[in-house]
Amino acid sequence: MAAPSLSRAALGAPRVLGPPGAPRARPRAWSSGTPSAGTPPAGESPGSPAWDGPERARLRGREQREKRQRLRRERGAVQEKEPQPLPKGWSPPAELQYQHPLGPDGKKATAVPLPPRYSPRYVEAAWYQWWERGGAFRPRPPGQAPGGAPVLSLVLPPPNVTGSLHLGHALSASLQDALVRWRRMQGWDVLWVPGTDHAGIATQAIVERWLWQQRRQRRQDLGRAEFVREVWRWKERHGEQILQQLRALGASLDWSRCAFTMDPGFSRAVTEAFVRLFEAGLIRRDQRAVTWSCALRSALADIEVEPRVLTGPTALNVPNCPHPVTFGVLVTFAYPVEGDDGLEVPVATTRPETLFGDVAVAVHPRDPRYLHLQGRRVRHPFTGALLPVVSDPSVQPQLGTGAVKVTPGHSPQDLALARAHALPLLSVIADDGTLCPPGGGWLQGVPRFEARAQVVAALAQRGLLRGVSDHAMTLPLCSRSGDVVEFLLKRQWFLTCGDMAREALQAVTSGRLRLVPKFHEKNWKSWMESAGDWCLSRQLWWGHRVPAYQVRPGPAPRRPPRGPPGAPEDEEGEDEEGPWFVGRSEAEARAAAAGALGCPARELHLQQDPDVLDTWFSSALFPFAALGWPDQSADFGRFYPNSLLVTGSDLLFFWVARMVMLGQRLTGQLPFAQVLLHSLVRDPQGRKMSKSLGNVIDPRDVIGGATLQELQEKLQTQTLDPQELRAAQEGQSRQFPQGIPECGADALRLALSSHNAHGPEIRVGVASVLAQRRFCNKIWNALGFVLRAGPGQPGDPPRAPEEVLPEAPMDRWLLARLAGAVAECGRRLEALEVHGAVAAVQSFWLRSFCDVYLEVAKVSLQCPRLRPGAQATLAAAAELGLRLLAPFAPFVAEELWQRLPRAAPAPPSVSLAPFPEPARLAHWRCPELEARVAAMLELVRAVRGLRETLRLGGAARPPVLVQIPEPAHDWLEQLGPAFQTLSRAGPVELLPLGAEPGPGWVGAQAASGTFVHLRIQGLVDPDAARAQLRSRLRSLRGAQQHQAREELARLERSLEGLEPPRDPQGPPQGPPGTPRSGGGPGGF
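In terms of our numbering, the sequence shown is residues 49 to 1132.
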């Protein structure tokens, strides 16, 4: 069958050229000699209506059939309508499952016929196990790696061992896996280390909650040793969940090197790091005001405190408080001045409950309001104690009353001021948030925020309350528990970070450490320049015990009985601090103590610090401790420093900064050369993922699908309190009324990776994942077409795709587009712009391969002359295109690639096949041809736009006139068959520029100086088309309406000269103005 011909023409956006009846030039035409369907008989001009009768009858019959089918579908939809619709465009098909036997090595059988439609469940079955069993994810042994092979090494940010991955983790894993698979296909030696974090605070809180819900036991009932064993049992029951989620995503991690931060080897690295830092003088024990969570009864790192800005009175729910607490209120009261002169000092505070911890009142030395009071004393409203009025330049006289209460036990600023003036130090809030004023009294054991109201009432009763006013403030909240953070005076272990922070800053400014995107460098500089000391102590039982031992007098004491409510359970009195010694073991610490104290080691009684180290301390060692440090292992020598770190931007200071500081200090090298800080994932409404909103999604529920009932049953297995559980269930019911449809791992990976992860946030919903499932379905259908097209001549061995050199212009164009996509994908991946690489790959598959080339190939394959080139082009483009897709959608790429004929020697898996290289495809590049096809496709878009605007059915093949500059005529003639196929045009002719086509034609501008015209006489009912155009104009708004008004008006004017379509079975139509008669069709 001959390819369709093109009768000379050119391109078009909607525009009518010439009013009806305008003179027109005779178009110059070319043709293959055989008129195609819809071509006017010899002697008829394109404007003649004589040939329209049979075409109209055929179109009308098709339209009636389509209308009947549409009505049947609509009736069925009404009968089967669900209470809540599924995501737009989604109809859940019955999923196919892979049921064929596996090979001896676990490989799927791909010689079986390709299923007619894409099913993620079918496609993703068995491949991961085969990859893992075959060692595809492990680096080559040192002796087998080619000399000089570059190395890519990185660690997976270790998720909490008792947690569950959400879409934020899935984004991080998808980005990393794309980069890892890409480098592995390029022949690099790749190591991607998985691991999990013991997550001290989070894990202990979960297990404590579970113990209470299931057994009504507290950890104190079990004792420390038994509680730690209970946590280990919990870890064994639930720790594998995260690893299975990563496998379901297709993450190509080396599971043989999986690390856990509480493993013996890792614990030894933590102890070694502490000892080395202590010996270097960077760790010391000190009494300071630390940030404290009363809900967790533990100290927090400063960066675990989230500031909440309040503009005025704000009621907040606080853990363990039965009623909301109002913050953003300033209380002013008076301190009476000693003596009988009736003077007073007004003080304003947001924390009246800490009044029992006041040790002085401070004023600015040059504040004229208080010059006469400096050196005098004021009387405490409740205890009667006399407190000095001190002057200090740190006081800001413009704030409040200009006089401030000094409470050193609960404010770092007040502690510094108290030490500068040799004031006593008092603490009046216990670890659990209850008051413990000196000597007890009427507020002993009262929760701090209940005591607040009692203190204010007591001040008013004594006549000392001077006012309560609204106050804008910043409230510190615990990011772990949501509790209001207190500052408590504690003896803790602190790591001095100043010098390490300066070294970390210099690493970025010098370019040795690259942060991507670059705008994070500003935040890095700001934080490093103000980095303070790091409190390492945590008052927990689960974690790495501080390797410090205190020398105790007499025999080792028994565990002291619990003190007053809120007192630390394992902490001795602050005044009983004895000498401390640090060692890798108790024996080493004992030897150090004996040498320092000059006494026999056997006579010393040591007690290990009951606190554990901050979880972030052990996590900061992960890049090198996971590779065997402090031992100089083979992995450490080969893969450290890491090449790259990929993590969320919210961990820049929590984790990244600490890894850089400790990595440089302990190993002498940066732990990695570059850091990709990706966006935070939010739901489609821009909300943070939260259990209470019900929008936290398990990636496996998106991959395999889940009903609403299954989602809510999964919530029941989590250790949520009843209120949180109800809120989560309600949120799920709103978010997923019909559950989550099955989308597959490839679709989820593509949906996450296609977003620009270099910004502050990305919004991901199930609808975007479904769109990517449709992309996978399109690839599936396209490869089905390729396989049906055949490999070429029977008996010919498959050729390497790079050797294919077709002659037909569209064949050459497709391979040129593929070469361009390969270059763009590689460039984007080198820049860590995974979203840009995904866009390049998807653009090739959708815009070039599926939307354009396959339509042309359907015709070419029917032509004996064009068939061999089309077959070779299809095979080459499909094989390389799947390799290009493999890092982002590995399952569907593997399933389809295994079915393609491949030149020997072929690698066993697409994940080990060479990634396409731009240099090897450079001979395919042809910018001139690409520009010509792009111009032709603009003509096609213009024709399709006119067809859509006028609602021409798919069966209509109207004649087309093309106006294009003379130099383009020759190349357009070569691309004529493709233009005719893609635009679904009838005969195509060229019309000289400046000529008008005459009545019955409608035109559109395709590009500057190029136009297309469609002959619509007899194909369009003018009245219906006119009504439709006016309706469309009314539906547009604003600037969109203004831009479209003129073009739609021109289209409407072009309809004025049209005759309505005539029914071949009805009476002939009369001239314009003939009235309707006899109930028959109206006519002109």
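All C-beta atoms in this analysis are idealised placements derived from N, C-alpha and C, irrespective of residue type, glycine included. For clarity, every value in this text was computed on a predicted model and none was experimentally measured.
| field | Three-state class that DSSP yields for Val476 in the structure shown | value | The sequence position of residue 476 within the sequence shown is 428, counting from 1. Three-state result, Val476: coil.
| query | What is the DSSP secondary structure of Lys283, reduced to helix, strand or coil? | reply | The residue you call residue 283 lines up with position 235 of the sequence shown. Three-state DSSP puts Lys283 in a helix.
| message | Please report the distance separating the alpha-carbon of Arg1005 from that of Arg973. | response | Position 957 of the sequence shown holds residue 1005. Position 925 of the sequence shown holds residue 973. Rounded to the nearest angstrom, the two C-alpha atoms are 34 Å apart.
| Of the choices Ala856, Leu866, Phe892, whose alpha-carbon is the least far from that of Leu909? | Residue 909 sits at position 861 when you count from the first residue of the sequence shown. Selected option, being the one with the closest Cα: Ala856.
| query | With which residues is Leu725 paired in a DSSP beta bridge? | reply | The sequence position of residue 725 within the sequence shown is 677, counting from 1. In the DSSP output, where bridge partners are listed per residue, Leu725 has Thr695.
| task | Counting only the same chain and skipping the five closest in sequence on each side, list residues whose C-beta sits under 7 Å from that of Leu543. | result | Residue 543 sits at position 495 when you count from the first residue of the sequence shown. Answer for Leu543: Leu325, Leu330, Ile331, Asp581, Trp582, Leu584, listed in chain order.
| said: With the cut-off set at 8 Å, would you say Val209 and His246 are in Cβ contact? | reply: Locating residue 209 in the sequence shown gives position 161, counting from the first residue. Locating residue 246 in the sequence shown gives position 198, counting from the first residue. Yes; because the gap between Cβ atoms is below 8 Å, this pair is in contact.
| query | Whole-angstrom Cβ separation of Gly457 and Leu473, contact assumed at under 8 Å? | reply | Taking the first residue of the sequence shown as 1, we reach residue 457 at position 409. Taking the first residue of the sequence shown as 1, we reach residue 473 at position 425. About 6 Å; that satisfies the 8 Å criterion.
| According to DSSP, residues forming a beta bridge with Val503 | Counting from one through the sequence shown, the residue named residue 503 turns up at place 455. Note: Val503 sits in no beta bridge, so no partner.
| said: For Pro486 and Val476, I'd like the C-alpha separation in whole angstroms. | reply: Start at 1 with the first residue of the sequence shown, and residue 486 comes out as number 438. Start at 1 with the first residue of the sequence shown, and residue 476 comes out as number 428. C-alpha separation (whole angstroms): 7 Å.
| task | Give the DSSP-derived three-state secondary structure of Leu1067 in the structure shown. | result | Indexing the sequence shown from 1 puts residue 1067 at position 1019. Leu1067: coil per DSSP, three-state reduction.
| request: For the region 374-417, list the beta strand (DSSP E) runs that are entirely contained and at least 3 residues long, ordered along the chain. | output: 377-384, 392-397, 408-411
| field | Alpha carbon of Gln1028 to alpha carbon of Glu903, nearest angstrom | value | By one-based count along the sequence shown, residue 1028 stands at place 980. By one-based count along the sequence shown, residue 903 stands at place 855. Cα to Cα, the separation comes out at about 11 Å.
| said: Helix, strand or coil for Gly614? Go by DSSP, reduced to three states. | reply: For the purposes of this step, residue 614 is taken as the residue at position 566 of the sequence shown. Low local confidence applies: a pLDDT of 36 at Gly614 is under 50, so the model's placement there is unreliable, with the coordinate-based value given in what follows. Residue state, collapsed to three classes: coil.
| Given that a residue counts as buried once 16 or more other Cβ atoms are within 10 Å of its Cβ, and exposed if not, what is Trp490? | The count along the sequence shown starts at 1 and reaches residue 490 at position 442. Exposed: under 16 other Cβ atoms inside 10 Å.
| query | Do you know offhand how far Leu835's Cα is from Leu768's? | reply | In the sequence shown, the residue the question calls residue 835 occupies position 787. In the sequence shown, the residue the question calls residue 768 occupies position 720. Cα to Cα, the separation comes out at about 52 Å.
| field | For Ser574, the first and last residue of its enclosing alpha helix (DSSP H) | value | Residue mapping note: residue 574 aligns to position 526 of the sequence shown, counting from 1. Segment 568-577, the alpha helix (DSSP H) holding Ser574.
| Among Phe430, Asp415, Ser459, Gly1046, which one has its Cα closest to the Cα of Ser439? | Against the sequence shown, residue 439 aligns to sequence position 391. Distance check between Ser439 and each of Phe430, Asp415, Ser459, Gly1046 places Asp415 closest, using alpha-carbon atoms only.
| request: Could you tell me the distance, in whole angstroms, from the CA atom of Cys342 to the CA atom of Val533? | output: In the sequence shown, the residue the question calls residue 342 occupies position 294. In the sequence shown, the residue the question calls residue 533 occupies position 485. For Cys342 and Val533, the distance between alpha carbons rounds to 7 Å.
| task | Just mark Lys570 as buried or exposed, buried being the case when its beta carbon has 16 or more other beta carbons within 10 Å. | result | On the sequence shown, residue 570 is found 522 positions in, with the first residue counted as 1. Exposed, by the Cβ-count rule.
| said: Does the region 921-931 come into contact with the region 855-875, if we say contact requires no fewer than three beta-carbon pairs (one atom in each stretch) closer than 8 Å? | reply: yes
| field | Classification of Pro168 by the beta-carbon crowding that lies within 10 angstroms, buried from 16 upward | value | Numbered from its first residue, the sequence shown carries residue 168 at position 120. By the 10 Å Cβ count, Pro168 comes out buried.
| query | Roughly how many angstroms separate the alpha carbons of Gly711 and Gly696, rounded to a whole number? | reply | Position 663 of the sequence shown, counting from 1, holds the residue named residue 711. Position 648 of the sequence shown, counting from 1, holds the residue named residue 696. Each residue's Cα considered, the two are about 19 Å apart.
| message | For Val1036 and Ser896, what's the separation of their Cα atoms in angstroms? | response | By 1-based counting over the sequence shown, the position of residue 1036 is 988. By 1-based counting over the sequence shown, the position of residue 896 is 848. Straight-line Cα distance between these residues: approximately 23 Å.
| Assumed close pair Pro964, Leu932 - CB separation to whole angstroms, cut-off 8 Å | In the sequence shown, counting from the first residue as 1, residue 964 sits at position 916. In the sequence shown, counting from the first residue as 1, residue 932 sits at position 884. With a Cβ gap of about 6 Å, Pro964 and Leu932 count as contacting.
| Mapping DSSP to helix, strand and coil, what is Ala433? | Reading the sequence shown from its first residue, position 385 is the one you call residue 433. Here DSSP, grouped into helix, strand and coil, assigns Ala433 to coil.
| message | With H, G and I counted as helix, E and B as strand and the rest as coil, what does DSSP make of Ala321? | response | Against the sequence shown, residue 321 aligns to sequence position 273. The answer is helix: DSSP assigns Ala321 an H, G or I state.
| query | Tell me which same chain residues have a C-beta within less than 6 Å of the C-beta of Gly423, skipping the five on either side of it? | reply | Residue mapping note: residue 423 aligns to position 375 of the sequence shown, counting from 1. No residues qualify anywhere along the chain.
| Of the listed residues Arg950, Phe833, Thr380, Ala879, nearest to Cys898 (C-alpha basis) | Residue mapping note: residue 898 aligns to position 850 of the sequence shown, counting from 1. Comparing Cα positions, the closest option is Phe833.
| field | Asn804 in three-state terms, based on DSSP | value | Numbered from its first residue, the sequence shown carries residue 804 at position 756. Looking at Asn804 - three-state DSSP - the assignment turns out to be coil, as it is neither helix nor strand.
| field | Pro595 beta carbon less than 8 Å from that of Gly626 | value | If you number the sequence shown from 1, residue 626 lands on position 578. If you number the sequence shown from 1, residue 595 lands on position 547. Contact: no.
| field | Local conformation of Trp590 per DSSP, three classes | value | Counted from its first residue, the sequence shown places residue 590 at position 542. Three-state result, Trp590: coil.
| Which whole runs of the beta strand (DSSP E) in the region 651-710 are 3 residues long or more, in chain order? | 653-656, 690-696, all fully within the region 651-710.
| message | Is it buried or exposed, Arg641, if we count other Cβ atoms within 10 angstroms and call 16 or more buried? | response | Position 593 of the sequence shown, counted from the first residue, corresponds to residue 641. A quick correction: the sequence has Ala, not Arg, at residue 641. The residue in question, Ala641, is buried, as its Cβ has 16 or more Cβ neighbours within 10 Å.
| query | Trp340 lies in the beta strand (DSSP E); which residues open and close that run? | reply | The count along the sequence shown starts at 1 and reaches residue 340 at position 292. Judged by DSSP secondary structure, Trp340 falls within the beta strand (DSSP E) whose first and last residues are 331-341.
| message | Which residue marks the beginning of the alpha helix (DSSP H) containing Ser908, and which one marks its end? | response | Translated into the one-based positions of the sequence shown, residue 908 becomes position 860. Residues 902-908.
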